[in-house]
Each structure stands twice: as C-alpha cells, then as structure tokens.
Amino acid sequence: MFLLLLAAPAAWGRGRAIAVLEYRAGVRSAPRIAAEMAREIADLTSNQVINPEEARLKLGASIDARVARCQGDAACLARLGSRLGCDEIILVGISQLGDLIIAIQRIEVARRRVIARLADSINPRQRLSREVFRGYLQRLLPSADFKRYGWITIKTDAAGDEVFLDDVPRGHTPLPALKAPATGNYTLRVRRPAHEDFVARLDIVPDATVEVAPTLSRKAHAPRWYERWWVWALIGGAVTAGTTAGLVSGLSQGPDRIPAIVRQP
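In the numbering used here, the protein residues as written are 36 to 300.
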C-alpha cells in the first residue's frame, strides 16, 4: 500500500525568472508578438515567465514609456528588471520599414549586459507560427533550458531504506527529492532488510513532484524445524515406539533449541 501524490510545480524546479518586455516604434500590426514569445518560453522551458501584461500590473501602465526611454540600453532595462524581480529580460523591439522588423535582445539583469540578440524581417500581414517563435528561442536561450525535469519525493517510515530508480541505486532514506528527465516513465524500488520490496511505476511530468509514501510488509519467515508438522509427527511416532528420550535429545541440539518435556506413559 502506498500514497501517490502529484504535487504542484516544485519551487526548486523552476529555472530563471524572465520578463518579456516590448518596445513598439509606432507599429500596430502583429500586436501579440511579445505575449506569444512569453507563452512559448513558459511552454518549452522550466523558467518563470513574466509576460508584458504581468509586467504592467507589477509596475503600472507607464512601464511601456519607461521601456521606450531606455532605447535598448541594457543598464536601463536591467533596472526595470530589478524592480520586476527577474534574472533576465527579453526585449522584443518592433518597427516597420516596409517589412516588419523584429529585433530581440536577451539581457542579464545582474550584470546589466546583453547576452544574446537576433533580428528578423517579416511581411506585416504574416502571422508568426509557433515554429517561428521556437526558432527564435532556440537561438536566444541556452540548450539546457529546453531540458525539462520532474521530481520524486519518497517518504518511508524508517531511515536506511535503499532506493532504486530504474534499477540504479539512488541512496538511502531519508533522501532529497530525486530529479528525473520529463516526460518519462520510471520504476521506483524501495528495499528494506527482512521486508518485501516496494515497487511502483511512476509517470513523471515536467516541473511537478510525485510524492510516494510506501508501506513495506515484513516477509513471511519460513517455519523453523520444530514448527514443521512432520517433526511432531515423528516425535509422536517415536513416543509410540518407546524411543522418546533419544529423539528429543537429538532434536534439541543446535541454534534453535527448544525446551521439551516428554513423559513416558
């Protein structure tokens, strides 16, 4: 018997906090480019995302004017990032010279510097697909951002239980949460001396924690020699034959000695 709980996304599982901000140079077409970019970051990575609307809620509607005044300067934008409580800013700049020009900067807030940038031009009537946004992000973000993980916590009622994940030893309880690539299926085994192994098949999804609280049952021990029916059948036969004293003396030697008193009729 065990408890299996799919918990909310683990706090330690979330990556960097990234704010997606937007600067428009008098352009009204393609209104949701920055919002779509934020959504793709949330869907494809384990990073925390502050989309443009959330940034406006945090700092007020004047944030758009503040972004415009920064004119792409990394130090200026990093100060806004500090107020938003984020690690990085992705600034989506949109202007138009016939084609729509999209210029994207990735800014590290702590060091106030640009760490990646790209530019693209598209037809103003073109709707950007998810594949296009994903292509942008793969050029902007490190590849490790696209590796997703889930966590497994194991809560047993004893210390020292040995834990295996897909037959790989992962230590003894109590253990910190086990990290596993997601999405994936795993076999969890918990082993304790003199107990039956606990085995469960787990489905791990990104950014979530599966909590397992196994109950391990004691193994049924094999009967000792003096608990077996045929031993007492032999003793009964020996008593009938008048050889009781010698048989009991012989059976009572060894590590599993038991007191025996047999009376002659």
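By construction, the Cβ of each residue, glycine as well, lies at the ideal position given by its N, Cα and C atoms.
Leaving out five residues before and five after residue i in sequence, what residues of the same chain have Cβ atoms less than 8 Å from its Cβ?
i             : result
isoleucine 68 : Glu57, Val127, Ile129, Ile137, Leu163
leucine 94    : Arg101, Leu115, Arg118, Leu119
To the nearest angstrom, how far is it from the Cα of residue i to the Cα of residue j?
i                 : j              : result
alanine 215       : leucine 223    : 12 Å
leucine 153       : isoleucine 139 : 5 Å
phenylalanine 181 : alanine 217    : 11 Å
valine 198        : asparagine 82  : 29 Å
tyrosine 171      : arginine 141   : 11 Å
arginine 59       : leucine 112    : 15 Å
arginine 104      : glycine 61     : 14 Å
leucine 213       : glutamate 246  : 10 Å
alanine 255       : aspartate 78   : 49 Å
Taking all protein chains shown into account, decide if residue i is buried (16 or more other Cβ within 10 angstroms of its Cβ) or exposed.
i              : result
asparagine 306 : Residue 306 cannot be examined here, being either before or after the span of the chain that is shown, 36 to 300.
threonine 18   : Nothing can be reported for residue 18: it is not among the residues displayed for the chain, which extend from 36 to 300.
alanine 54     : buried
aspartate 202  : exposed
alanine 110    : exposed
With DSSP as the reference, identify every bridge partner of residue i, one or two as the case may be.
i              : result
asparagine 220 : Asp238
threonine 250  : Partner(s): none; threonine 250 has no beta bridge.
tyrosine 184   : Pro216
arginine 152   : Gln140
glycine 206    : Val198
glutamate 57   : Val127
What does a CB cutoff of less than 7 Å around residue i pick up in its chain, not counting 5 residues either side in sequence?
i           : result
serine 156  : Asp134, Leu135, Ile136
proline 209 : Ala194
Contact check, residue i vs residue j under 8 Å by CB: the rounded distance?
i            : j            : result
arginine 169 : glutamate 75 : 6 Å
arginine 183 : proline 228  : Between proline 228 and arginine 183 the Cβ distance is about 36 Å, and since that is not below 8 Å, they are no contact.
Please work out which residues of its chain come closer than 6 Å, Cβ to Cβ, to residue i, disregarding the five sequence neighbours upstream and downstream, and give them in chain order.
i            : result
valine 225   : Asp196, Val198, Phe233, Pro249
arginine 147 : Ala109, Ala110, Ala113
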